[in-house]
Amino acid sequence: MIIAQATYLHDEPDFKAVLLNQLALLAVSVPILLQLPIAVSAVFLLFTLGRVLMLWFGVRRPPKWVLVLMLAIVVALVLGQVGTFVGLQGGMSLLLLLGSLKSFEGHSRRDWQVSALVQVFLLAGAVLFDQSLWVGAWVLLCLMMIAVALAVLNELPMVNAVRQSGTAFALTLLPMLVLFVAMPRKDAPLWGVPQNPIAQSTTGLSETMKPGSIGDLVQSNEPAFTATFQSFMPQQKDLYWRVMIMAERDDTGTWQIYKGYTDSAVADANAPSVSYQIVLEDNKGKIPALDYPTEQQPKRGIMRETGNVLRVYSRQGVRGIHLTASVSDELPHKLSRQEFELYTRLSSSTNLRTRALSKQLFEQSGGDVEAFIAKTYQYFQQQGFSYTLQPPVLHSGSSTDEFLFGSKQGFCEHYADAFVTLMRSSGVAARVVTGYQGGEWNGEFWQIRSKDAHAWTEVWLPEKQVWKRIDPTAAVSASRIDSGLENALSSDELSQLLSNTSWLSRFADNSQIYWQRWVVNFDGAQQRNLFAMLGFDNVNAKSVLSVLLLGLLPALLPLAVWLKKHRQREFNPMQQGFLQFKMLILGKDFAQIASVGAWEMQNILAQQNRLNDEIRHILQDYVRLNYATATAPSLQVARKWYRQAKKIGKKYRFVPTKTK
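The opening residue of the sequence shown carries number 1297 in my numbering; numbering runs sequentially from there.
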């Protein structure tokens, strides 16, 4: 029976219950406060602390005019800090502060129950900010806290509240998992909310490149993204993940992207293709796409930029993207005059020795571009260059001259810069590409980390009208491309790199990967694959109902067992048996049947001429077992009496007289 207006809901709970509610609110707010403006977070904490102090000193709630003033402060603060109530930051800032204001209205149990409901909505908002494994675990912990706070609010002892809430959570995990897998879903996860790219923090590859920039980045073991191939998987040496095209070089040796136009470069449709999925943390919408992406038209928000680089609309959090790639080292592209001038442009006042070397190698190649590329590649192989994570710092404005004819020690960006400069010095179109190369195979997917960041080059072949991928780093250290960074470094450099990696961090990274793959990015495509493994052709009403039926039956079994045991603990054979006996003998409609005692029942039956020895004996046994001794009867004796009473009750059941 549902009680619409329970009087106890209007009672005022004790301080312990209210304090627990506020602690739950603080716990819920932790992942949200990390994403909101500092002023919003500070005001929220100030409100919460103020409310706890008011309750501590016995102040129930402030006057209404104070609440109105606080509401005005909240509105002004959100508009001033975020500028809008719409969107993730604006909406969550307003909801968080209003949730804190709601506690100032708290007086009765019903008020604090509403506060707990607001906390559940706040938890849902926290997931929109961050879908990591750790936030998921925190959300479950906070749900547990809210459940315990609600139980204590309804006067359940703390120990019992924790035990019952924990049991309820454990019993609902399996049904929750079945519902998560079985319920139909869209092809894109629901967690993404568009963000203002300016407001986001960025990590990983920069939009500029100069000697030392990538060398600093690779010393971090931070995960960048994961890739899972659906069928054919390229070799590690072919895993070039392009992120940015660097077309312009200034006098300081810094390369940067050119944002003036979008070219018409399209991957070769006749080359072998491969399908894969990447899972990555958003970084201004940049996608590390495998060379060469084949998406020619907008697909699920995917856009193309100069150099067949892919982008998506920026949004907060982790996303999964399905892509295809043409496995080739050539990208067809007919350069326009403007594009040719862009990719051959160099400063005329720097790197004069590099220019002279370029002219010499070009003449030795007979003016043939492909022969010139091969000649330049051989130069790096034969002139004593070395690959190192800690090259000497280049100070002069002609840094390429200093590298080619001085230090001869460099990382990938040094070789990419030098190779493109040599090409352009002889009027050959070339550009720098930054991204990632290779990755770490763990048996199921490729894990690409910051240490896999790489720079290579693309040279335009006029006869073929294609961009040719040339990686000059491979001329100096083929093991870097074939086997990964660890196999290309010296023992000292490798020790320094591995010092940033521990088994615990690897375990955390792998856990995060599986969480993103099977929970956060579990979309319609993965659901269809899972249903196909279960023998269903499509995700339709029939297959969904079948999965629900097959999954929920075993999932609900522990819940059914728990309910049965719980009812058995609460079942009193004497009390329940006596009530059932009265209903059978006197009839369900007998007035005030619950208050009729054993002796009163004998008198009623005697007046009705229905009292017999069997009924008298069962009633006498009931009185004797309940009241003749100081202790209650054993469960075995009580159940024996219950069975006898039920048998006699059915034998002499009350039969109402039919009226004509």
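Heads up, the beta-carbon is just placed ideally off N, CA and C, and yes, glycines get one too. If you're wondering where the values come from, they're calculated on a predicted model, not measured in any experiment.
Return the Cβ separation of residue i and residue j in integer angstroms, given the expectation that the two are a contact with Cβ distance under 8 angstroms.
i: D1819; j: K1533; result: Between K1533 and D1819 the Cβ distance is about 31 angstroms, and since that is not below 8 angstroms, they are no contact.
i: G1945; j: L1846; result: Contact flag wrong, Cβ pair sits at about 42 angstroms.
i: Y1639; j: A1726; result: 6 angstroms
i: A1478; j: L1844; result: 5 angstroms
i: C1708; j: I1510; result: 6 angstroms
i: T1684; j: L1501; result: Going by Cβ atoms, the distance from T1684 to L1501 rounds to 20 angstroms, so no, they are not a contact pair.
i: A1520; j: S1746; result: 6 angstroms
i: A1433; j: L1316; result: Not really, about 21 angstroms apart at Cβ, beyond 8 angstroms.
i: R1405; j: L1305; result: 5 angstroms
Under three-state DSSP, which class holds residue i?
i: L1541; result: Checking the sequence, you will find Ile at residue 1541 rather than Leu. Looking at I1541 - three-state DSSP - the assignment turns out to be strand.
i: I1583; result: coil
i: A1652; result: helix
i: E1736; result: strand
i: P1333; result: coil
i: Y1683; result: strand
i: G1693; result: coil
i: G1883; result: coil
i: P1768; result: coil
i: T1590; result: coil
i: G1873; result: helix
i: W1937; result: helix
i: P1850; result: helix
i: D1713; result: helix
i: G1354; result: coil
What are the boundary residues of the alpha helix (DSSP H) that includes residue i?
i: P1628; result: P1628 -> not in any alpha helix (DSSP H); beta strand (DSSP E) instead, spanning 1626 to 1628.
i: Q1318; result: 1311 to 1329
i: Y1732; result: Unbroken run through Y1732 is the beta strand (DSSP E), 1726 to 1733; no alpha helix (DSSP H).
i: D1909; result: 1909 to 1923
i: G1402; result: Note, G1402: premise wrong, no alpha helix (DSSP H); not H, not E.
i: M1440; result: 1429 to 1449
i: F1832; result: Taken as a continuous stretch (DSSP letters only), F1832 belongs to no alpha helix (DSSP H), as it is neither H nor E.
i: E1896; result: 1894 to 1903
i: R1633; result: 1633 to 1638
i: Q1377; result: 1360 to 1377
Per the DSSP calculation, residue i is bridged to which residue(s)?
i: W1763; result: L1627, W1756
i: R1459; result: In DSSP, R1459 forms no bridge with anything.
i: L1619; result: Y1572
i: H1306; result: DSSP, once it has assigned bridges, lists no residue as partnering H1306.
i: R1607; result: K1582, M1599
i: H1750; result: G1731
i: A1663; result: In the sequence as presented, Ala is not what sits at residue 1663; that position holds Gly. DSSP output for G1663 lists no bridge partner at all.
i: G1706; result: Y1683
i: Y1536; result: Q1733
i: M1505; result: W1551
So, at 7 angstroms on beta carbons, what are the nonlocal neighbours of residue i in its own chain, with the 5 sequence-adjacent residues on each side left out?
i: R1935; result: P1869
i: I1494; result: With a pLDDT of only 31 at I1494, under the threshold of 50, the placement of this residue in the model should not be trusted; the figure read from the coordinates follows. Here the set comprises nothing.
i: F1311; result: L1351
i: A1712; result: V1728, A1751, W1752, T1753, P1768
i: P1688; result: S1703, Q1705
i: Q1660; result: K1671
i: Q1454; result: A small correction: the amino acid at residue 1454 is Met; Gln does not occupy that position in the sequence shown. Cβ neighbours of M1454 beyond the five flanking positions: V1448.
i: F1381; result: V1374, G1387, L1390
How is the beta strand (DSSP E) around residue i delimited, first residue to last?
i: Y1572; result: 1569 to 1577
i: L1424; result: Taken as a continuous stretch (DSSP letters only), L1424 belongs to no beta strand (DSSP E), being part of the alpha helix (DSSP H) at 1405 to 1425.
i: E1601; result: 1599 to 1601
i: T1524; result: 1519 to 1525
i: I1744; result: 1742 to 1745
i: V1816; result: Where V1816 is concerned, there is no enclosing beta strand (DSSP E), given that its DSSP letter is neither H nor E.
i: Q1552; result: 1551 to 1553
i: R1949; result: Counting along the chain, R1949 falls outside any beta strand (DSSP E), and DSSP gives it neither H nor E.
In its own chain, which residues sit with a C-beta less than 8 angstroms from the C-beta of residue i, not counting the 5 before and 5 after it?
i: R1963; result: No answer is possible for residue 1963: it lies beyond the span of the chain, which begins at 1297 and ends at 1956.
i: L1393; result: V1336, V1339, F1340, F1343, V1370, L1373, V1374
i: W1937; result: P1869, M1870, G1873, I1914, D1917, Y1918, L1921, P1929
i: T1717; result: R1545, L1642, N1647, T1650, S1654, T1696
i: W1858; result: T1463, L1467
i: D1547; result: S1643, S1645, T1646, G1693
i: R1824; result: N1834, V1835
Just to confirm my understanding: we take residue i, look at its own chain, exclude 5 residues before and 5 after, and list those with CB closer than 6 angstroms. What are they?
i: H1629; result: A1561, W1763
Closer than 6 angstroms to a non-hydrogen atom of the ligand HEM - does that hold for the CB of residue i?
i: Q1686; result: This structure lacks the ligand HEM, and indeed carries no ligand of any kind.
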